[in-house]
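Numbering (this note's numbering), first residue to last: 5 to 975.
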Amino acid sequence: MTHSLDLSEQQALLDKRNLQGSRYESPYYSGSEVTMLNQPGATSDLDTTSSAGVFKSRSVIQRPGENHYAEGLPIWRAALLVVNSALGAGILNFPQAYAQCGGITTALTAQMSLLVFITGAFLILAYCAENHGSQNFQEIIREVLGPGAYILTQIVIMLYMYGSTVAYMILIGDQLEKVGEAIDSTPGWYLSREFLMCAMCILFLLPLCLPKTLKVLSYSSALGTVGALFVCIVTAIKYFDGHHIDSKDYVEIEESWNWTQAFAAIPIICFGFQCHVPSVAVYAELKRASVPRFGIVVVIAMAICTTAYTITASFGYLTFGTSVKSDVLLSYPSNDILVNIARVTICLIVLSTGAFVVFCGRSCLEGLYLAAFRMPPTLAEIYEKRRRIIQTLVWFGSALIIAVYVKNIQYAIALIGGLAALFIFFYPGICLVQEMVQYPVLTMKRKLLILLGLWYVVVGVFLFADSEVFAIMQDIKGGTYFSRYSKFRAPENMNHSLNLLEKEALLEKNGVPNGHHECTVIHYNNSRDNVIGKPVANGDRDTISASCTVIQRSDGSGHFSKGIPIWRATLLVVNSALGAGILNFPQAYAQAGGIFTTLIIHMCLLVFITGAFLILAYCAENHGSHNFQEIIGAVLGPRACVATEIVITLYMFGCTVAYMILIGDQLEKVGEAIDSTPGWYLRRKFLTGVTSLVFLLPLCLPKTLKVLSYSSFCGTFGAFFVSMVTAIKYFEGHHTDRKEFEEIELPWTTTFSSVPIICFAFQCHVQSVAVYAELKRASVPRFGIVVVIAMTICSTVYIITGTFGYLTFGTNVESDVLKSYPSNDILVNIARVTMCLIVLTSAAVVVFCGRSSLDGLYVAAFSVPPTKAGKDEKQRRIIEILLWFGLSLIISLCVQDVLYAITFVGGLAALFIFFYPGMCLVQEMLQYPVLTLTRKLLISLGACYVVIGVFLFADSEVFAILEDIKGKVGS
């Protein structure tokens, strides 16, 4: 948190170097005063500045007076600075974190587990600062990850500060509302929450935000610590006063708790401990700065913070149990004098804290603006005051409007807690990896540190996705954040989130007679497949395919209502996503220009990808849909369902071609291993044709897929095996040196070519609807757990493969990473054969789905009667499969680079991930008779999904055509 930053730390956070030979008054920290010293700036091509003044500054923490800068801060003072940066308003949310974890023991376990990594992140940042002489967080990012990452970091910091501004305004409103109730038990409009919050913010906070400098707030960090400790003492005193529930209530609470609820506490913990950004400036000022000495500082600071958080959280939880509010002070009665003193104290602290946050966020916004429009320094200085006032008013006004409508601080904490996870885990992890790979010789210690860095990255991506997605999901559901993992059974009509009037508006349909069609059902109990009749609406143009696929558990005892548990549903989603797409991820890293850029793209797409799962689950819940086509038919209409069948057919055809190309790629290398000068019988085209005709075609001809019931688990095993092979081969020494990596920097425009690969790898949204329909006690929150865990597993495998494949071959990596390894490598050949076996079963499933969609379109287009359709089914099936199979094989023999196919189907995958969920979300919200602010925002979110989907689809398909014209890939 930056709420406890003093002036110098704030300035250090906003350090920019742009002008050569210029001088600027830079603020320096002192325990007693703040002085202004002149200091020349430095140059940089991509530097963004906070203002015309900050534009030229290089700020550090320095004590004024007798020029003792060289001596630096002693350990105890540095420890207090880190404590001041961490402690603050976040302490008010910790009791609810303990409630969400199910008790003190579980909460302390989660807190201490995270604390190990949080402490390690400080040391990683200190190590990077020591290696590069960095004075602040942004300098580390610029030196280690490059100027592009520096710009992205500025954007992340700006978003974090904006979310913090909203959170602090909500906090002010919460405290003043209780104080108003203490003044008058039936308060008028002048004592209402909205009026008091707006008046307090406009009259007191806004004037603090407008000045160019923050001299008046130099002591705010000390006040923040005092206020936090005061709240800690108040919660303990009030517990011993006797305000607590008895032990019997706690027994009932513990028994109803589910371990997955602990995930809800992570954003609160991250928000409370996030002080990694200012900690770099503290390290730069430390006397005799070194990583071991800074480690002492960090351990002392984290011990103090943990003690304060633990006391507050424990006594707050013991006092109120799971009924504790997101702001613990709101749980106490409004007429308690001691608590009201704490409330007023917190308000005063938050005023100065909010001014710091607005200053920091405005500075980042100003820097990005100046860099984007390349404004000359002289012109920037002339209009600096006007821009500063406009930016402050826009920032302040928009944040205040949001704070008025969002009355629960937990929503804001959940969002910015996810961003805090980036500063704690993601950035330190990627910096550690980048630092280690710069060494020409990788010792075992450095290899282990690379794995540790990757672990940090994976944890950071998971926590960020978990926090952001569930915060959005809970806003959609309209429930409290604590209930996100609550156990309940959805009502049969699957519309529990709508009141009666909304249900009638949403579900009003014209009377349509019902008919039946045969719907293919794939059973995951690995025992049998059967075809069941399912009633569907037969409108004038109702052409829902006769082959729409539904995943249904069948154990022969009619226990469909029991459903599958979370862990099994998670495996099903993982199995649907993992597969041959993993082979292309290293080239995605190469096309994006490096590990960091790809991880940023990966993480950004992952947020939307995960959100799309939840949108589809929400629609399935509202309409009782059991598969993707049913959602489209129910939400967008029968014509859209027909168009969706066509898109699915094209997607499956492209996947078939891609899988055949992959078979040829693997067998070609195996043939070279058998004979270094292979004859015609060991060449790629012959091996591809023979394998496809002899092994793949017989798997595609049957009407059912009983023989392939275990194929999904084989796909997961193969993906993990390939991941391990790439890591093993990297550590064996097959990697390019540092010089080659410095020479292969690519223009930023090539990053777009990596998007289809990522979309293709994560596309399992069509199958996910059927998994949701089969989930035990199906609800959007429970399915959210499934999705987050599944996406974390997939991301881990993809990141490991992509990272080590890229580190091994650089931009020379092939579109199929296994092709880059020599043909005589035994371990790699085992991986190639394994992938061939997996692709055979995967391709058979793809052909089955594509043929089913094609048959459904044929029956609908020619209005084939059901009796005739059943009679001629075998003949049509054989003809359709032979045409499908033959055309795919011909294309795969002519197109020998799988990236062509991946780019094509990746564009179509973007439709399933972005376009369709976005359209469904917009249509669902428009069905409500009353559009609240939340629903309007969701309409905007859905429109954003649609725009992104159309852009990615057009981008992928156009670039695929252009690259085919140019005769090369990735140019």
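Glycine is no exception: its CB is placed at the ideal position from the N, C-alpha and C atoms.
Which whole-angstrom value is the C-beta distance of residue i and residue j, which I expect to be below 8 Å?
| i | j | result |
| --- | --- | --- |
| Phe96 | Leu333 | The sequence given here places Leu at residue 96; Phe does not occur at that position. That pair is a contact at about 6 Å. |
| Val160 | Leu426 | 6 Å |
| Asn99 | Thr316 | The question names Asn, but residue 99 is Pro in the sequence shown. The pair is a contact, with the Cβ atoms about 7 Å apart (cut-off 8 Å). |
| Lys242 | Arg347 | Lys242 to Arg347, Cβ: 13 Å. No contact. |
| Gly777 | His606 | The displayed chain sequence assigns Ala, not Gly, to residue 777. About 29 Å; that fails the 8 Å criterion. |
| Asn833 | Val674 | 6 Å |
| Leu582 | Thr720 | 5 Å |
Could you tell me whether the Cβ atoms of residue i and residue j are closer together than 7 Å?
| i | j | result |
| --- | --- | --- |
| Thr695 | Val850 | no |
| Leu925 | Gly946 | yes |
| Gln591 | Ile428 | no |
| Ile586 | Thr229 | no |
| Phe141 | Val281 | yes |
| Ala913 | Gln771 | no |
| Thr800 | Tyr734 | no |
| Cys763 | Gly910 | yes |
| Phe126 | Val362 | no |
| Ser819 | Asn588 | yes |
| Asp178 | Asp340 | no |
| Pro209 | Leu355 | In the sequence as presented, Pro is not what sits at residue 209; that position holds Leu. Cβ distance < 7 Å, so Leu209 and Leu355 count as in contact. |
| Thr349 | Gly231 | yes |
| Phe430 | Gly457 | no |
| Leu207 | Gly184 | no |
| Ser757 | Ile420 | no |
| Val611 | Ile406 | no |
| Phe319 | Ser335 | no |
| Pro921 | Leu620 | yes |
| Val775 | Ala573 | yes |
| Tyr313 | Ala130 | no |
| Gly94 | Gly276 | yes |
Going straight from the alpha carbon of residue i to that of residue j, what length do you get?
| i | j | result |
| --- | --- | --- |
| Phe889 | Asn828 | 32 Å |
| Val792 | Val577 | 10 Å |
| Lys451 | Leu436 | 11 Å |
| Pro271 | Glu472 | 9 Å |
| Ala133 | Ala594 | 27 Å |
| Pro869 | Gly628 | 28 Å |
| Tyr166 | Ala624 | 34 Å |
| Ile386 | Tyr825 | 59 Å |
| Gln139 | Phe267 | 34 Å |
| Met440 | Val343 | 51 Å |
| Gly433 | Trp459 | 7 Å |
| Leu575 | Leu609 | 21 Å |
| Thr326 | Leu85 | 33 Å |
| Phe632 | Asn135 | 52 Å |
| Gln115 | Val284 | 23 Å |
| Val408 | Met204 | 13 Å |
| Gly693 | Leu822 | 20 Å |
| Ala359 | Leu212 | 6 Å |
| Asn71 | Ala293 | Unreliable placement is indicated for Asn71, whose pLDDT of 45 sits below 50; the coordinate value is still reported in the next sentence. Going by the C-alpha atoms only, they are around 18 Å apart. |
Looking only at DSSP bridge pairs, what is residue i linked to?
| i | result |
| --- | --- |
| Ile568 | Leu779 |
| Leu897 | The partner list for Leu897 (beta bridge, DSSP) is empty, contrary to what the question assumes. |
| Leu640 | Partner(s): none; Leu640 has no beta bridge. |
| Leu290 | Leu77 |
Residues in its own chain within less than 7 Å of residue i by CB, not counting five upstream and five downstream?
| i | result |
| --- | --- |
| Ile300 | Ile79 |
| Gly722 | Thr838, Met839, Ile842 |
| Thr157 | Gln142, Ile145 |
| Pro760 | Ile906, Thr907, Gly910, Gly911, Ser960 |
| Ile570 | Arg786, Ile789, Val790 |
| Cys274 | Gly421, Ala424, Ala425, Ile428, Leu467 |
| Ile568 | Arg557, Glu778, Leu779, Lys780 |
| Tyr321 | Pro99, Tyr102, Ala103, Ile108, Val328 |
Excluding sequence positions up to five away, which residues of its chain have a Cβ less than 6 Å from the Cβ of residue i?
| i | result |
| --- | --- |
| Leu897 | Lys689 |
| Ile652 | Ser857 |
Got a sec? Which residues, its chain only, sit under 8 Å from residue i by beta carbon, not counting five neighbours each side?
| i | result |
| --- | --- |
| Leu980 | Lying outside 5 to 975, the shown extent of the chain, residue 980 is not represented and no answer is given. |
| Arg392 | Ser55, Leu214, Lys216, Arg366, Glu370 |
Kindly indicate if chain C contains any beta-carbon less than 7 Å away from that of residue i.
| i | result |
| --- | --- |
| Leu369 | Of the chains in the structure shown, none is chain C; there is only one protein chain. |
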